[in-house]
Structure formats: C-alpha cells, structure tokens
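Working notes for the structure below.
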Amino acid sequence: HKQPAGGLGSFLETQKFVQFKLTFVVFAWYISSAKVSVQGCRVMLRKKLKLDDKSLDAQNECASLGKFSLSQFANVPKARISAHTVPAESEIVSEQTEKLPATTEYPLGVVPYWQQVYRIERELSAALRKVILPSEVAACYDPIEYASEIHCAYLQRFLDGPKHVLFIGMNPGPWGMCQTGVPFGYVPAVRDWMGLRGAVAKPTPELAARPVEGLACTREEQSGKRWWGLYEELCGTSDRFFHSCFVYNLCPLAFFHQSGRNITPSELKGKAKGEIQAISEQYLETALTLLKPKIVISVGRYTEDRIKTLTKRNKIDPTIVTYCMPHPSPRSLNNTNWPEKAKLWLTEHGILPYLSASPEAESTSKI
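Take the sequence shown: its letters are residues 1 to 367, numbered as in the UniProt record's numbering.
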C-alpha cells in the first residue's frame with residue numbers, strides 16, 4: 001500500500017537523490033582536475049622543448065648555413081658595435097646564426113648567387129678553424145662572421161653573377177677587412193665609395209692591441225688605401241669596377257700574436273701552415289667552379305703559389321688565364337710607388353679595358 005506523504009519512502013528517495021548529486025559533483029571535479037593537469041603538463045612540456053618560442057627573426061631568417069665549430073678560436077658574436085656617425089641598416093644578429101641581408105625576392109628554392117658564394121666561405125672558415133694553430137697565435141679573427149652584415153652587403157651588391165676578372169687576395173688585414181668584412185677593406189672606400197653599411201660585432205677573443213671598431217675605425221689600412229684608391233682613380237665609381245671584376249680572398253681568417261703583430265698564412269709555422277694551405281686550395285677550387293672567371297689575378301706570390309698548385313693538379317679550368325700582380329702592402333719588397341707600377345701592370349696585361357662598365361670594352365680586350 002502507499003506510504004503516507006512525508007513518510008519513510010519519500011525520505012529514502014531524497015537520500016538517494018542527494019547521494020547521486022554528490023557522486024556526480026565529485027566525478028565532474030575529478031574529470032576537470034585531470035583535464036587541467038594534462039593540459040598543464042602539455043604546456044610545460046612545450047615550453048621545455050621551446051616548441052612555441054619562435055621569434056620573428058627566426059621565422060624570417062635566410063636559409064641556414066650551418067653551425068660553427070666549437071673550437072678554441074671560435075668567434076661567437078657578442079655585443080654589437082657600429083660607427084656612431086653611420087646608421088646601421090639591419091637588426092642585430094643572434095649568437096648562433098646570422099641574418100643575411102636579402103632585399104631581393106627569389107623564386108622558391110632558388111639560392112641567390114651571392115649566397116652560394118657565402119656558403120663556400122662559411123664552410124671554408126669552419127674547416128680552417130679545426131686546424132690546431134701554433135702557440136704564437138693568440139687570436140684568430142673571422143670577419144666574414146662577426147662583420148657578416150657588411151660582408152654580405154658587399155657580396156649581394158657586387159656579385160650578381162660570374163665576373164670576367166677575379167682578383168684573389170691572401171687574407172684579412174687588421175685595419176681593413178678585419179674592421180669591415182670587405183677584402184682590402186679600407187674604411188672610407190667601403191663606407192663612401194662602395195656605399196656599404198652594417199653593424200660589426202666583436203671577435204672572440206679580441207686583442208687589446210687589435211680592437212675591432214667597424215666603420216668607426218680611424219686607423220688606415222695602407223694596402224686597402226692603395227688598392228681601392230687606384231681603382232677609384234681608374235674607374236670613377238665602384239659600380240664601374242665591379243661590372244666585370246670582383247675581389248675575393250683565399251683565406252677568410254686573420255692571425256695575431258699576443259702583441260698584436262699580424263701573422264700572415266705564409267708566416268705560420270709547423271704543421272698548421274701546410275694544413276691551411278691545403279684547405280684553402282681545396283675551397284678555392286670549389287669557388288672558382290662557381291665564380292667562373294675568365295682571368296684570375298693573384299695579388300701577391302702566396303696566392304699565386306696556390307693557383308699554381310691547382311693548375312699542376314689539373315684542378316682549374318685550362319681556359320682560365322692566370323696572372324700575378326704586385327701586392328699593395330708596404331711590407332712587400334721593392335714596393336715603392338705601387339699605384340704607378342700597378343697601372344703599368346694592368347696596361348701591359350690587357351686588364352684596363354675590363355675596368356669599365358661598358359660591355360663594348362670587353363670585346364676589345366686582348367683576351
């Protein structure tokens with residue numbers, strides 16, 4: 001029979017409902033907590049793996065050219081410096097990668113010509129850093145790394161394809177390329193004649209006797225002053241010179257004694273000298289294959305010897321004409337009045353017609 005209202009049956013029904021409700025609330029709370037915990041673990045894991053930590057710079061970087069070797073003389077970019085009178089036109093690079101200036105858009109998958117050359121330089125630099133240097137070498141500077149902004153601007157502006165004439169220097173000088181990243185990099189020539197700008201970092205280690213100040217450097221590189229001064233006189237504008245010519249360095253590294261004395265590759269002692277020569281020759285062969293010059297002019301005897309070695313081994317296209325012209329360094333013997341001697345040399349070897357932006361001039365050349 002029916003229980004009266006408010007009796008035992010109603011009371012039991014009420015108790016069951018309360019128990020069900022409490023069970024449901026506890027279950028819902030457990031599910032919610034588990035979900036939060038799992039989500040929290042996911043967030044923490046992604047942070048640990050830095051999956052969501054991509055900066056705008058990393059997204060807009062050019063194709064990676066590989067990490068540098070961790071050697072005793074590795075030049076890890078540190079705090080940047082730049083000439084206070086010359087505005088820098090690009091952002092500061094990160095410590096592990098370099099932002100290559102790329103104002104021109106290229107089809108997907110196409111690597112710009114200048115960037116292909118820079119890749120070879122970077123690979124050469126990494127290979128050279130693995131060489132164990134003699135104890136007298138206290139510091140090794142690599143300006144194509146710490147001065148990459150200006151160096152890449154030099155490549156990008158003046159190396160849009162193969163050049164007829166390729167001048168090959170030895171290695172960076174302390175007040176030239178070590179400051180600007182440009183071969184024979186006399187600061188006024190790089191800044192004013194070529195119109196190049198960029199921030200320059202510090203090499204590691206940096207010697208107090210050989211500070212790197214970038215475009216703010218006031219010391220004059222005599223070799224660079226003579227070199228670019230001559231071509232400014234002969235060509236007028238940098239575009240006219242680089243129309244058919246380009247200047248490339250055999251070795252991208254500079255070596256210094258603790259006192260600051262410059263140690264050229266030819267002055268290195270022991271096993272390191274031969275190793276650096278062999279590596280430089282190997283990558284010069286690769287560079288010449290890409291650069292495809294018709295005439296190669298070694299600037300100085302050391303570079304000429306490397307070219308001769310490749311020629312003897314049939315590593316150079318036999319159709320390439322090779323010469324050697326006097327180096328503009330004041331340290332070279334019998335090198336007084338270099339500009340006049342160099343002009344005479346360029347005339348006698350038929351190079352002057354190439355120092356012009358006129359294509360017609362090339363057809364009248366001796367070669």
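Glycine included, C-beta positions come from ideal geometry on N, C-alpha and C.
Delimiting residues of the alpha helix (DSSP H) encompassing residue i
i    : result
A216 : Taken as a continuous stretch (DSSP letters only), A216 belongs to no alpha helix (DSSP H), as it is neither H nor E.
L124 : Y113 to R129
Y146 : P143 to Y146
A342 : W338 to E348
F242 : S238 to F242
M177 : M177 to T180
Nearest neighbour of residue i, chosen from the options [CA to CA]
i    : options                   : result
M170 : R219, E267 and T204       : E267
G198 : L166, C152, G161 and R261 : C152
L290 : K312, V117, V111 and S223 : V117
N334 : K308, I320 and G300       : G300
V137 : W227, N262, R240 and K130 : N262
V321 : T336, N337, E304 and P328 : E304
G350 : A127, I297, N314 and T286 : I297
E285 : G214, L310 and P293       : L310
C324 : S332, I132, I307 and R313 : I307
W175 : P112, E281, R219 and K341 : R219
G214 : K292, E340 and P143       : P143
G229 : P293, E340, L250 and A287 : E340
G274 : L128, V200, R119 and Y154 : L128
F242 : P112, Y154, C140 and R119 : Y154
A201 : T336, P326 and Y141       : Y141
T319 : H327, V190, K294 and A342 : K294
R313 : M177, L234 and Q282       : Q282
R119 : N337, T336, A287 and W338 : A287
L250 : N337, V190, L234 and M177 : M177
Buried/exposed call for residue i, threshold 16 Cβ in 10 Å
i           : result
Y248        : buried
G270        : exposed
D53         : At D53, the pLDDT of 45 sits below 50, so the modelled position is not reliable; the number obtained from the coordinates is stated separately. Flag for D53 reads exposed.
residue 371 : The requested residue 371 is not part of the displayed model; the chain covers only 1 to 367.
A208        : exposed
I168        : buried
S125        : buried
G195        : exposed
G161        : exposed
K317        : The question names Lys, yet the displayed sequence has Asp at residue 317. With fewer than 16 other Cβ atoms within 10 Å, it is exposed.
E348        : exposed
S356        : buried
P134        : exposed
V111        : exposed
V212        : buried
K292        : exposed
Cβ pair residue i, residue j closer than 8 Å
i    : j    : result
I276 : P265 : yes
L346 : L352 : yes
Y146 : P205 : no
P330 : Q258 : no
K163 : S244 : yes
E123 : P252 : no
W114 : Q156 : yes
E149 : W193 : no
V182 : C217 : no
V165 : Y354 : yes
A272 : I132 : yes
W227 : F184 : yes
G173 : R210 : no
A139 : F256 : yes
Unbroken beta strand (DSSP E) run spanning residue i, endpoints
i    : result
V247 : C245 to N249
L166 : V165 to G169
F184 : Per DSSP, F184 belongs to no beta strand (DSSP E) and is neither H nor E.
A199 : Looking at the DSSP string, A199 is not in any beta strand (DSSP E), and its letter there is neither H nor E.
A138 : Taken as a continuous stretch (DSSP letters only), A138 belongs to no beta strand (DSSP E), as it is neither H nor E.
A254 : A254 to F256
Residue-chain proximity (residue i, chain C), Cβ-Cβ < 8 Å
i    : result
A216 : The structure shown contains no chain C; it holds only a single protein chain.
Complete runs of the alpha helix (DSSP H) confined to the stretch 283-323 [at least 4 residues]: 301-312
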